[in-house]
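Below: one structure, written as structure tokens.
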Amino acid sequence: EAGVTQFPSHSVIEKGQTVTLRCDPISGHDNLYWYRRVMGKEIKFLLHFVKESKQDESGMPNNRFLAERTGGTYSTLKVQPAELEDSGVYFCASSQGFYILAGKGDTQYFGPGTRLTVL
Amino acid sequence: AQKVTQAQTEISVVEKEDVTLDCVYETRDTTYYLFWYKQPPSGELVFLIRRNSFDEQNEISGRYSWNFQKSTSSFNFTITASQVVDSAVYFCALSGSKAAGNKLTFGGGTRVLVKP
Chain A
1 EAGVTQFPSH
11 SVIEKGQTVT
21 LRCDPISGHD
31 NLYWYRRVMG
41 KEIKFLLHFV
51 KESKQDESGM
61 PNNRFLAERT
71 GGTYSTLKVQ
81 PAELEDSGVY
91 FCASSQGFYI
101 LAGKGDTQYF
111 GPGTRLTVL
Chain B
120 AQKVTQAQTE
130 ISVVEKEDVT
140 LDCVYETRDT
150 TYYLFWYKQP
160 PSGELVFLIR
170 RNSFDEQNEI
180 SGRYSWNFQK
190 STSSFNFTIT
200 ASQVVDSAVY
210 FCALSGSKAA
220 GNKLTFGGGT
230 RVLVKP
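Each protein sequence line maps, in turn, to chains A and B.
Quick note, the first sequence lines up with residues 1 to 119 if you use this note's numbering.
Quick note, the second sequence lines up with residues 120 to 235 if you use this note's numbering.
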């Protein structure tokens, strides 16, 4: 079974440009999460989709970030316009979600991340 | 608010030594879940273990073992007889109850370097 995949693996852009990151979750996983790690800091939650709906977007830093999950399959995270402080590694994770409903917790499986560098 | 602290930023050992990674957490949830992930040089986060707050039984998986102590809010991870392939960054993480959402709160990570 294929794991979580992310594209591109690396992206180098200039300040003010737009970048779109893509995440393909594990097939059948309703839950999709975005996280990021800025240099020297902890991995921070950005948002959570359940199917195509945004369940929690409390971690989105500002309105320059737009996440979508059309049809409840893959997700995109667009940064427009990019700023220097957006540099970091963006991780995507997915989980089945069944155990969340049963109150038994759930395990998120992560992709390899996209390293974004804004110059 | 939830918080995870990994006080050790980097640990260096010689192959075959044991290494213990500390993880201390804070949460107000009565039900919560603790995780360890491994990030090898290739960059992906690899799931290692999930522990429920109501299950304090320690767990062993091969050379890996985990010690969950609710009384001290700690979830420590030990690698026995370390190998070079264990070199990686290890993250401890916490998620709350369903009502609190399933998002993970991560510690800062501990880099483990195993020298041959």
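Glycine included, each C-beta is placed from N, C-alpha and C at the ideal position.
Cα-Cα separation, residue i to residue j
{"i": "B:VAL203", "j": "A:GLY16", "result": "42 angstroms"}
{"i": "A:SER95", "j": "A:SER58", "result": "19 angstroms"}
{"i": "A:GLN80", "j": "A:PHE110", "result": "24 angstroms"}
{"i": "B:LYS222", "j": "A:ARG69", "result": "17 angstroms"}
{"i": "A:TYR74", "j": "B:PRO160", "result": "26 angstroms"}
{"i": "B:ILE179", "j": "A:HIS48", "result": "31 angstroms"}
Identity of the residue in the options nearest residue i by Cα
{"i": "B:ASN195", "options": "B:VAL133, B:GLU134 and B:TYR144", "result": "B:TYR144"}
{"i": "B:ALA120", "options": "B:ARG230, B:THR224 and B:VAL233", "result": "B:THR224"}
{"i": "A:ASN63", "options": "A:ASP86, A:ILE43, A:GLU42 and A:GLY72", "result": "A:ASP86"}
{"i": "A:GLY71", "options": "A:THR114, A:HIS29, A:LEU116 and A:VAL4", "result": "A:HIS29"}
{"i": "A:LYS41", "options": "B:PHE210, B:LEU167 and B:PRO235", "result": "B:PHE210"}
{"i": "B:TRP155", "options": "B:THR149, B:ILE168 and B:ARG182", "result": "B:ILE168"}
{"i": "B:ILE198", "options": "B:TYR183, B:ALA207, B:PHE187 and B:THR146", "result": "B:TYR183"}
{"i": "B:GLY181", "options": "B:GLN188, B:TYR152, B:ASP205 and B:PRO160", "result": "B:ASP205"}
{"i": "A:PRO61", "options": "A:LYS51, A:LEU77 and A:THR5", "result": "A:LEU77"}
{"i": "A:GLY97", "options": "A:THR5, A:TYR33 and A:ARG22", "result": "A:TYR33"}
{"i": "B:GLU191", "options": "B:ILE179, B:LYS135 and B:GLU175", "result": "The residue asked about is misnamed: residue 191 of chain B is Thr in this sequence, not Glu. With distances taken between Cα atoms, B:THR191 lies closest to B:GLU175."}
Residue burial classification, residue i (beta-carbon count within 10 angstroms, cutoff 16)
{"i": "A:SER27", "result": "exposed"}
{"i": "A:HIS10", "result": "exposed"}
{"i": "B:VAL214", "result": "It should be pointed out that residue 214 of chain B corresponds to Ser in this sequence rather than to Val. By the 10 Å Cβ count, B:SER214 comes out buried."}
{"i": "B:PHE173", "result": "exposed"}
{"i": "A:LYS54", "result": "exposed"}
{"i": "B:ALA212", "result": "buried"}
{"i": "A:ALA2", "result": "exposed"}
{"i": "B:ALA207", "result": "buried"}
CB of residue i within 8 angstroms of CB of residue j, strictly
{"i": "A:LEU119", "j": "A:VAL12", "result": "yes"}
{"i": "B:VAL165", "j": "B:VAL231", "result": "no"}
{"i": "B:GLN158", "j": "B:ASP141", "result": "no"}
{"i": "B:ASN171", "j": "B:ASN177", "result": "no"}
{"i": "B:VAL123", "j": "B:GLY226", "result": "yes"}
{"i": "A:CYS23", "j": "A:VAL50", "result": "no"}
Whole-number beta carbon distance between residue j and residue i, since they are thought to touch under 8 angstroms
{"i": "A:GLY88", "j": "A:VAL38", "result": "4 angstroms"}
{"i": "A:GLY113", "j": "B:GLU163", "result": "7 angstroms"}
{"i": "A:PHE7", "j": "A:ILE43", "result": "Going by Cβ atoms, the distance from A:PHE7 to A:ILE43 rounds to 20 angstroms, so no, they are not a contact pair."}
Residue i beta carbon near the ligand ADP (any heavy atom closer than 7 angstroms)
{"i": "B:ASP174", "result": "Among the components of this structure there are no ligands whatsoever, and the ligand ADP is therefore not found."}
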